[in-house]
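Worksheet: one structure, shown below.
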Amino acid sequence: MTHLPHPTRRSVLLGGLGALGVTTLGACARSTAADSGIASSFPGPSSLSPTAGQRVVSRTLTARRRTVDLGGPKVSTWTYGNSVPGPVLRANVGDVLRVTLDNRLPEDTTIHWHGIALRQAADGVPGLTQNPVAPGEKFVYEFAVPDPGTYFFHPHVGVQLDRGLYAPLIIDDPREPGDYDAEWIIVLDDWVDGTGRTPDDVLEELIAAGGSGGSGGMGGMDHGSGDMGGMDHGSGDMGGMSMGASPWGDAGDVTYPYFLVNGRVATAPETFRAKAGQRVRLRIINAASDTIFTVALGGHRLRITHTDGFPVKPAEVDAFYIGMGERYDAIVTLEDGVFPLVARPFGKTSGGQAVALVRTASGRAPSAGVNPSELSGQVLIGSDLQPAESARLADRDADAQVDLALQGSMQPYQWGINGAPFGQNEALHVGEGQRLRIKAVNQTMMTHPLHVHGHTFALPSGLRKDTLLMAPMESFALEVEADNPGNWAVHCHNAYHGEAGMMIALNYS
Ligand SMILES: [Cu+2]
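Just so we're aligned, residue 92 is where the sequence shown starts under this note's numbering, counting upward by one.
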């Protein structure tokens, strides 16, 4: 049995379907490219006509190669503009964003506006919403932003997310009181690009390490056996498969040399300054590709106020988990001194941790390896949050239902949804105006952050999320108001899993 040869989304989109290893899919359902939702061409970008009084925020983002200083290590990578993260993009709710992507990379790219319920023509998924933007070409993303909150943007091509191509997108609500003295944006990342390996190399390594063994099915229960050479498997943090204190089991597979806050390694951290007693809003974004973090601010408890843009009933915690693609906002009242903000990679034993400093007084800075006690205190699992009343979907019964099974394994390195990788699996369908229930189940032995484009779904508690950590064998019924017609991606936000095929289309019919 042969393993999937480089099951890249790009090869799917470029018409390489015939090259995909359908022989490895066993008895799983197969479908044609048309069924999977992939199209081969799209009209060019259409312009939006702003309504009277609607503000237009115009920017140009140049995607380019750049050498970036991470605070010691200098890496050749791909960036938006000159820095990692790229420039913060900020607008008010209701504004129109008009962003010109100028692609000066050597490869096709796109921009996906993660978490925004935008019109689908601007969603940035090649094959579902647009043609890829070729090197030397430009593409104009024009869309209104309907919901305030903390978002970010990144490419939706290959594993480009694991380069330096990401930046915060903050949507302000002018009517929100903003009961805080300062606001800090904290972007977390796992970093490998330019350290002797690129993300494309990493994907090749993962596929090679997966070998050609295994059952070849998409059942995904054959994970975890064999020699995983050089890969982290969470053994540091997990006690077997026990839930509770270590809920995520196998959370990531890539060994990273660095973990970053705002593009800085822990030995040269960014320092946030304020006065003791001030209230600060933290906007924390996990832009990593393969790393769940546990986040804490030494000497403080955090009051979690939002996740994935939407308000929650405030929850006081010592620390919280944040999966790839998730965002959390927290309010903290600052103590007097120098404090480490630590994002510790879950289940990874090398590469250290991501650190920033919060300084309200002079004093010695903690070391890069600082271990605030809050990390081992009460650690919030985001899906346990309760929604703010204003964030609830209208009370209504679901009138359509689909099953969504996350499947696959490390050996062989195959990931898919509903029996096959993207390109071979059958798109989910919903009618405009329906309340859709997605019965999502993780049938693998890894944790996956499930991300739905163009919508913010509700958990059974009513909590609104667009990215949900699903532990091994965990299931959730997610409800979606089907009010944003188009063809949308639903996928794992582990960049390597998504690229290997853990994605499915959700199409309005
Ligand atoms: Cu995954």
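Think of the CB as a built atom: it goes at the ideal place given N, C-alpha and C, for glycine as much as any other residue. Just so it is clear, the structure is predicted and the values come from calculations on it, not from any experiment.
Check whether the Cβ of P338 sits closer than 8 Å to any heavy atom of ligand 1, and report yes or no.
Outside the cutoff, so no.
With contact counted as at least three CB pairs below 8 Å, one residue from each stretch, are the stretch 409–427 and the stretch 372–379 in contact?
yes
Inter-residue CB distance, P223 and V248 (contact presumed, cutoff 8 Å)
Taking the Cβ atoms as the reference, P223 lies roughly 6 Å from V248, within the contact range of under 8 Å.
Give the secondary structure of L388 by DSSP, where H, G and I count as helix, E and B as strand, and everything else as coil.
strand
Do L192 and V236 have their CB atoms nearer than 9 Å?
no
Assuming contact is defined by CB atoms lying nearer than 9 Å, are A182 and V159 in contact in what I supplied?
no
Could you name the residues of the same chain whose beta carbon sits closer than 8 Å to that of D263, not counting the 5 residues immediately before and after it, in chain order?
R181, A182, N183, V184 and P239
Three or more C-beta pairs under 8 Å: does that hold for the stretch 349–361 against the stretch 445–463?
yes
Among D199, P178, Q221 and T398, the one whose alpha carbon lies nearest that of F244:
P178
Can you tell me whether D381 is buried or exposed, with buried defined as 16 or more other CB within 10 angstroms of its CB?
Its Cβ being crowded by 16 or more others within 10 Å, D381 is buried.
For the structure I just gave you, are there three or more beta carbon pairs, one from the stretch 477–491 and one from the stretch 536–555, closer than 8 Å?
With a cut-off of 8 Å, the stretch 536–555 and the stretch 477–491 count as touching, because enough Cβ pairs lie within range.
Does the count of Cβ pairs from the stretch 387–397 and the stretch 354–367 closer than 8 Å reach three?
With fewer than three CB-CB distances shorter than 8 Å, the stretch 387–397 does not count as touching the stretch 354–367.
Residue from N173, I383 and R364 whose Cα sits closest to the Cα of P540:
The alpha carbon of P540 has as its nearest neighbour, out of N173, I383 and R364, the alpha carbon of I383.
Does the Cβ of P226 have 16 or more other Cβ atoms within 10 Å, making it buried, or fewer, making it exposed?
By the neighbour-count rule (16 or more Cβ atoms within 10 Å), P226 is not buried but exposed.
Could you check if K439 is buried or exposed, using at least 16 other CB atoms within 10 Å of its CB as the buried criterion?
buried
From V408 to F230, what distance separates their C-alpha atoms?
42 Å
Determine the DSSP secondary structure at I262, reduced to helix, strand or coil.
strand
Under the rule that 16 or more other beta-carbon atoms within 10 Å means buried, what is R266, buried or exposed?
exposed
Rounded to whole angstroms, what's the CA-CA distance from S131 to P197? Just pull it up for me.
Taking the straight line joining both Cα atoms gives about 21 Å.
Identify which residue in G454, L432 and Y504 has its Cα closest to the Cα of P463.
L432
Look up Y347 in the DSSP assignment and say whether it is helix, strand or coil.
The three-state reading of DSSP puts Y347 in coil, since its state is none of H, G, I, E or B.
Exposed or buried, which one is G215 when buried takes at least 16 other CB atoms within 10 Å?
Buried, because 16 or more other Cβ atoms sit within 10 Å of the Cβ of G215.
Proximity below 9 Å, CB of Y232 to CB of W204:
Yes, the pair counts as a contact, with Cβ atoms nearer than the cut-off.
Cβ separation of I508 and A489, assumed to be a contact under 8 Å, to the nearest whole Å:
With a Cβ gap of about 20 Å, I508 and A489 do not count as contacting.
In angstroms with no decimal places, state the Cα-to-Cα distance between Q498 and A586.
Their Cα atoms are separated by approximately 15 Å.
Applying the criterion that 16 or more other CB atoms from any shown protein chain within 10 Å of the CB defines a buried residue, is T398 buried or exposed?
Under this definition T398 is a buried residue.
Mind listing, in chain order, the continuous beta strand (DSSP E) runs of no fewer than 3 residues lying wholly within the stretch 197–258?
203–205, 229–235 and 240–245
Please report the distance separating the alpha-carbon of L471 from that of I395.
Pairing L471 with I395, the inter-Cα distance amounts to about 9 Å.
Comparing alpha-carbon positions, which option in D186, R372 and P259 lies nearest P268?
R372
Counting only runs of 3+ residues fully inside the stretch 438–524, write out the beta strand (DSSP E) ranges in chain order.
Entirely contained in the stretch 438–524, the beta strand (DSSP E) runs reaching 3 residues are, in chain order, 445–450, 491–500, 505–508 and 519–521.
Relative to ligand 1, is the shortest distance from any of its heavy atoms to the C-beta of L476 smaller than 8 Å?
no
With V278 and P176 assumed to form a contact (beta carbons below 8 Å), what rounded beta-carbon distance in angstroms separates them?
Between P176 and V278 the Cβ distance is about 5 Å, and since that is below 8 Å, they are a contact.
Helix, strand or coil for D557, going by three-state DSSP, please let me know.
coil
Residues in its own chain within less than 6 Å of P457 by CB, not counting five upstream and five downstream?
P431
Terminal residues of the alpha helix (DSSP H) in which Y587 lies
A586 to A591
S552 (DSSP reduced to helix, strand or coil):
coil
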